[in-house]
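S.K.: Quick one: the structure is below, questions incoming.
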Amino acid sequence: MLVKCQTIITFIEEMAPKSLAMEGDNTGWQVGDPGRPVDHVLLALDVGEQTVAEAAELAAQLIISHHPLIYKPMRSIRFDLPLGRIVSGLIRSDIGVYSAHTNLDAAENGVNTALAQRLGLVEIGPLSPELEGFGRVGRLPEAVTFAQFIGMVKVALGIPGSRAGGPLSRRVSKVAICGGSGGDLWSKAAFAGADVYVTGDLKYHTAQEILNAGMNFIDPGHFASERVILDPLAEYLRERITKAKLDVKLSVSRTDSDPFVFR
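First residue of the sequence shown: 68, per this note's numbering; consecutive thereafter.
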C-alpha cells in the first residue's frame, strides 16, 4: 500500500496539534512534498548536513525533526552557506523535512512529559495551568539529596556533567522541569513549590534569581533535555503505523549531537 508523507504527519499532528505551537514558531513543513510516497522516516532533534547524509544513506524520504530547519524567512538559498547547503542536499536527494517544535513541547505526551518520565518523576502534572503544557512538575518516589539527584539526572540523560546550583545536602522531593530553554519559567517552578528546577540554557542572572528564591537548579543542556522525546515519539509512530497496517520503517538519528562538549 502506497503511503504518503502527509499520512505520517497526520499522526504527528494528532499527538501534537499545530494549534499548540507558540505564535511565530515555524512548526510544520520546511522542505518537500507532502504527497511524496514514503517507506522510511528518520527522527532527529536537528537537521544538519550530517542528518541529510544519514537520511540519504538510509534511503529515508522524510525527516521529522523537533527544531525547525528554517527559523526565519530565507531571502536567498546560497549553496556556499550552511543552510543553503542543507536545503540543496534535501532537494537533490528528494528528502522532505517536517518540524514539530513548540507544539511537541506543549503536547500532553510531548517533550516535557518525556523528560519528567525519564527522570523518574511520579504524580506528574502541568507546571502551571496557564502555560498550556510548557513544563511539568512531579515528585520523586523517594526524597534524595541534591547531590544524589544530580547523579540521577546524569545517568538518566546520558550526560557526563551538568551545571547545577544550590546546597548539595538539600533534600529533593518535588521537581519542576522544562525541556529546552526554560529559564523564563523559573518563577512558575518556585510558585509550584519545587525543590529543584531542571531546564536548559540558563543565564547567569537567572541562575542567581533561582538561588535567591531558595530553589536549586540543574541545567543539563538544551540538547539532552529535549532529545528524550525521540524514542517515545518513535514508539508512538510505530504503534500508529502498525495499527494502520502501513509498511513504513522508522529510525532515530545516530548523528544528532550536542554542540557543547564537557572537557
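Ideal Cβ placement from N, Cα and C applies to all residues, glycine included.
#1: Which residues share a DSSP beta bridge with A123?
#2: Does the distance from the CB of K85 to the CB of N179 come in under 8 Å?
#3: Using a Cβ-Cβ cut-off of 8 Å (strictly less than) and excluding sequence neighbours within five positions of P208, which residues of its own chain qualify?
#4: Three-state secondary structure (DSSP) at P208?
#5: I'd like to know whether the C-beta atoms of M68 and D314 end up nearer to each other than 8 Å.
#6: Determine the closest residue to F327 out of P196, V242, D268, with distance taken between C-alpha atoms.
#7: I believe I244 touches T266 by the beta-carbon criterion, under 8 Å. Please report the beta-carbon distance rounded to the nearest angstrom.
#8: Which residue wins for smallest C-alpha separation from W96, given the options I76, M82, A111, E81?
#9: Between which two residues does the alpha helix (DSSP H) carrying N279 extend?
#10: Mind checking whether V70 and V98 have CB atoms under 8 Å apart?
#11: Taking just the CA atoms, how far does A261 sit from S240?
#12: Which term fits P193, buried or exposed, when burial requires 16 or more other beta carbons within 10 angstroms of its beta carbon?
#13: Assign T118 to one of two classes, buried (16 or more other C-beta atoms within 10 Å of its C-beta) or exposed (fewer than that).
#14: Please check the pair S292 and G246, which I expect to be a contact at CB under 8 Å, by giving their CB distance rounded to whole angstroms.
#15: From the DSSP output, read off the bridge partner residues of G267.
#16: Would you mind sorting A122 into buried or exposed? The rule is 16 or more other CB atoms within 10 Å of its CB.
#17: Given the structure, does T273 come close to the ligand MN, in the sense that its CB is under 7 Å from one of the ligand's heavy atoms?
#18: Look at the Cβ atom of L182, then the Cβ atom of T212, and state whether they are nearer than 8 Å.
#19: Hey, how far is the Cα of D298 from the Cα of L125?
M.R.: Result, derived from the coordinates:
#1: As a first step, residue 123 must be located in the sequence shown, where it is residue number 56. Paired residues: none, contrary to the question.
#2: Indexing the sequence shown from 1 puts residue 85 at position 18. Indexing the sequence shown from 1 puts residue 179 at position 112. Cβ atoms of K85 and N179: not closer than 8 Å.
#3: Residue mapping note: residue 208 aligns to position 141 of the sequence shown, counting from 1. Closer than 8 Å at Cβ, skipping near neighbours: G187, V189.
#4: Residue mapping note: residue 208 aligns to position 141 of the sequence shown, counting from 1. Strand.
#5: Position 1 of the sequence shown holds residue 68. Position 247 of the sequence shown holds residue 314. Yes. Within cutoff.
#6: To locate residue 327, count along the sequence shown from 1; it is residue 260. Looking at the Cα atoms, D268 is the closest of the given residues.
#7: In the sequence shown, counting from the first residue as 1, residue 244 sits at position 177. In the sequence shown, counting from the first residue as 1, residue 266 sits at position 199. Confirmed, about 7 Å.
#8: Stepping through the sequence shown from its first residue, residue 96 is reached at position 29. If we check each option's Cα against that of W96, I76 comes out closest.
#9: In the sequence shown, counting from the first residue as 1, residue 279 sits at position 212. 271 to 279 is the span of the alpha helix (DSSP H), which, as asked, contains N279.
#10: As a working mapping, residue 70 is identified with position 3 in the sequence shown. As a working mapping, residue 98 is identified with position 31 in the sequence shown. Contact flag unset, no.
#11: As a first step, residue 240 is located in the sequence shown; it is residue number 173 there, counting from the start. As a first step, residue 261 is located in the sequence shown; it is residue number 194 there, counting from the start. So the two alpha carbons sit approximately 8 Å from each other.
#12: Position 126 of the sequence shown holds residue 193. Classification of P193: buried, given that the 10 Å Cβ count is 16 or more.
#13: One-based indexing of the sequence shown puts residue 118 at position 51. The residue in question, T118, is buried, as its Cβ has 16 or more Cβ neighbours within 10 Å.
#14: Indexing the sequence shown from 1 puts residue 292 at position 225. Indexing the sequence shown from 1 puts residue 246 at position 179. Going by Cβ atoms, the distance from S292 to G246 rounds to 4 Å, so yes, they are a contact pair.
#15: Along the sequence shown, one-based indexing puts residue 267 at 200. Paired residues: S248.
#16: Looking up residue 122 in the sequence shown gives position 55. The residue in question, A122, is buried, as its Cβ has 16 or more Cβ neighbours within 10 Å.
#17: The model on display carries no ligand, and the ligand MN is accordingly not part of it.
#18: One-based indexing of the sequence shown puts residue 182 at position 115. One-based indexing of the sequence shown puts residue 212 at position 145. Their beta carbons are not under 8 Å apart, which means L182 does not touch T212 by this criterion.
#19: Numbered from its first residue, the sequence shown carries residue 298 at position 231. Numbered from its first residue, the sequence shown carries residue 125 at position 58. Looking at the two C-alpha atoms, the distance is approximately 18 Å.
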